[in-house]
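S.K.: Below you will find the structure I want to go over with you.
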Amino acid sequence: MSVPALERGIAILRLFRRDRSHLTAPQVAAELSLPRSTVHRLLVELEGLGLVRREGEGRFALDSGVLLLGFEYLASQDIVALASPVLEQLRDETNWSTHLAIRQGVSIVYLSRFASRAAVTRNVAVGSSLPAHATLMGRLLLSDLEPTELLALYDGAVLERVTPDTPVDLGELQRLIQQDRERGYAASTGFYEPGVRTIAAPIRDASLKIVAAINGTAVNDEGIAMAQAMAPIRAAADRISRLLGAPETAETREMIGELKCR
Numbered sequence: 571m572s573v574p575a576l577e578r579g580i581a582i583l584r585l586f587r588r589d590r591s592h593l594t595a596p597q598v599a600a601e602l603s604l605p606r607s608t609v610h611r612l613l614v615e616l617e618g619l620g621l622v623r624r625e626g627e628g629r630f631a632l633d634s635g636v637l638l639l640g641f642e643y644l645a646s647q648d649i650v651a652l653a654s655p656v657l658e659q660l661r662d663e664t665n666w667s668t669h670l671a672i673r674q675g676v677s678i679v680y681l682s683r684f685a686s687r688a689a690v691t692r693n694v695a696v697g698s699s700l701p702a703h704a705t706l707m708g709r710l711l712l713s714d715l716e717p718t719e720l721l722a723l724y725d726g727a728v729l730e731r732v733t734p735d736t737p738v739d740l741g742e743l744q745r746l747i748q749q750d751r752e753r754g755y756a757a758s759t760g761f762y763e764p765g766v767r768t769i770a771a772p773i774r775d776a777s778l779k780i781v782a783a784i785n786g787t788a789v790n791d792e793g794i795a796m797a798q799a800m801a802p803i804r805a806a807a808d809r810i811s812r813l814l815g816a817p818e819t820a821e822t823r824e825m826i827g828e829l830k831c832r
């Protein structure tokens with residue numbers, strides 16, 4: 571949908587209420603002062619997105635897609651509330667800037683950020699969107715997809731080059747994703763921004779699905795060394811995962827043991 575079409579689509583969804591759960595195209599057209607042909611086209615698009623459904627005699631009702639959007643919003647808020655204290659503590663422990671992000675299509679969206687005391691990295695504001703293929707958190711979020719799902723997601727898409735390390739073809743992206751999947755984390759210097767050290771780790775829910783990712787970023791001599799930051803960042807990701815109901819793994823117990831021995 572274009573922006574005007576999106577605005578009209580949202581206006582249509584807002585017409586449905588508890589006392590008016592079914593509407594016809596003529597009713598919608600009259601309410602919004604739009605041509606019937608325009609309303610019909612928008613309803614068909616909303617139906618295709620799973621946001622409305624037909625219920626006979628030209629009537630439409632809200633479909634489960636609207637409820638799923640609400641659940642996704644609530645879930646993202648839960649993750650932010652649970653992750654924020656952990657990310658703040660991680661920032662204080664490492665003096666690296668810490669971030670939380672989720673995937674939306676081929677992009678990642680930042681939900682939380684705690685800047686280090688001497689942060690000189692690019693200021694990525696909460697709500698900012700970056701291309702998933704060009705970021706370590708994005709690669710981890712993509713790693714939960716089946717190969718066919720990844721192919722469908724990027725069907726016809728152009729992979730923009732952000733730095734010399736950015737994968738610009740799907741085969742290279744798949745290779746990096748497989749590497750991240752096998753390691754259980756992603757780490758690099760300059761992958762998205764030259765000179766910036768980054769370590770990213772996935773966040774899993776009770777079903778072990780990757781629902782978010784966190785990272786730590788630092789420039790030059792900022793914060794502790796990359797090798798020292800690895801275990802705290804991965805342990806923080808696991809701590810958030812367990813708050814979401816994910817089980818503790820043997821690998822996690824080993825990481826926590828390493829931290830306690832320092």
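Take 571 as the starting number for the sequence shown in our numbering and just add one per residue. We put the CB at the ideal spot given by N, CA and C, even for glycine.
Among all the DSSP beta bridges, which residues are the ones paired with TYR680?
M.R.: In the sequence shown, residue 680 corresponds to position 110, counting from 1. Note: TYR680 sits in a beta bridge opposite ALA671.
S.K.: Hey, how far is the Cα of PHE613 from the Cα of THR668?
M.R.: Numbered from its first residue, the sequence shown carries residue 613 at position 43. Numbered from its first residue, the sequence shown carries residue 668 at position 98. Residue 613 is actually Leu in this sequence, not Phe. Distance between the alpha carbons of LEU613 and THR668: 42 Å.
S.K.: Consult DSSP for ILE769 and reduce its assignment to one of helix, strand or coil.
M.R.: The residue labelled residue 769 in the question sits at position 199 within the sequence shown. DSSP places ILE769 in strand when its eight states are reduced to three.
S.K.: Counting pairs of beta carbons, one from the segment 768-776 and one from the segment 805-816, are three or more of them closer than 8 Å?
M.R.: Contact holds: three or more Cβ-Cβ distances are below 8 Å.
S.K.: Which term fits VAL656, buried or exposed, when burial requires 16 or more other beta carbons within 10 angstroms of its beta carbon?
M.R.: Position 86 of the sequence shown, counted from the start, is the residue given in the question as residue 656. Its Cβ being crowded by 16 or more others within 10 Å, VAL656 is buried.
S.K.: Report yes or no: do the segment 742-755 and the segment 785-796 share at least 3 C-beta pairs separated by less than 8 Å?
M.R.: The segment 742-755 vs the segment 785-796: no contact.
S.K.: Would DSSP call CYS786 helix, strand or coil?
M.R.: Start at 1 with the first residue of the sequence shown, and residue 786 comes out as number 216. The question names Cys, but residue 786 is Gly in the sequence shown. Residue state, collapsed to three classes: strand.
S.K.: Given a cut-off of 9 Å on the beta-carbon distance, is the pair ARG601 and LEU576 in contact?
M.R.: Your numbering for residue 601 matches position 31 in the sequence shown. Your numbering for residue 576 matches position 6 in the sequence shown. It should be pointed out that residue 601 corresponds to Glu in this sequence rather than to Arg. No, the pair does not count as a contact, with Cβ atoms beyond the cut-off.
S.K.: Which residue's Cα is closest to the Cα of LEU711: ASP589, SER603 and LYS779?
M.R.: As a first step, residue 711 must be located in the sequence shown, where it is residue number 141. Residue LYS779 is the option with its Cα nearest to LEU711.
S.K.: Going by C-alpha to C-alpha distance, which of ILE580, ALA651 and SER811 sits closest to LEU619?
M.R.: Counted from its first residue, the sequence shown places residue 619 at position 49. Nearest of ILE580, ALA651 and SER811 to LEU619, Cα basis: ILE580.
S.K.: Looking only at its chain, what residues have a beta carbon closer than 8 Å to the beta carbon of MET800, apart from the 5 residues adjacent to it on each side?
M.R.: Within the sequence shown, the letter at position 230 stands for residue 800. The answer, listed in chain order, is TYR755, ALA757 and ILE769.
S.K.: What residues are listed by DSSP as bridge partners for ILE780?
M.R.: Within the sequence shown, residue 780 is the residue found at index 210, counting from 1. According to DSSP, which records beta bridges pairwise, ILE780 is partnered with ARG774.
S.K.: With 16 as the cutoff for other CB atoms within 10 Å, does PRO802 come out buried or exposed?
M.R.: The count along the sequence shown starts at 1 and reaches residue 802 at position 232. PRO802 should be labelled buried.
S.K.: Would the beta-carbon of PRO734 fall within 9 Å of that of ARG745?
M.R.: Within the sequence shown, residue 734 is the residue found at index 164, counting from 1. Within the sequence shown, residue 745 is the residue found at index 175, counting from 1. Cβ atoms of PRO734 and ARG745: not closer than 9 Å.
S.K.: Determine whether the beta carbon atoms of MET707 and ALA653 lie at a separation below 9 Å.
M.R.: Translated into the one-based positions of the sequence shown, residue 707 becomes position 137. Translated into the one-based positions of the sequence shown, residue 653 becomes position 83. No, these two residues do not count as a Cβ contact at 9 Å.
S.K.: Taking the alpha carbon of LEU721 as the point to measure from, which residue in GLN749, PRO605, GLY675 and SER698 has its own alpha carbon closest?
M.R.: Taking the sequence shown and counting its residues from 1, one reaches residue 721 at position 151. Minimum Cα distance to LEU721 is reached at GLY675.
S.K.: What are the boundary residues of the beta strand (DSSP E) that HIS592 is part of?
M.R.: As a position in the sequence shown, residue 592 is number 22, starting the count at 1. Element bounds for HIS592: 592-594.
S.K.: Apart from the five residues on each side of it in sequence, which residues of its chain come closer than 7 Å, Cβ to Cβ, to VAL636?
M.R.: Counting from 1 along the sequence shown, the entry for residue 636 is found at position 66. LEU583 and LEU621, listed in sequence order.
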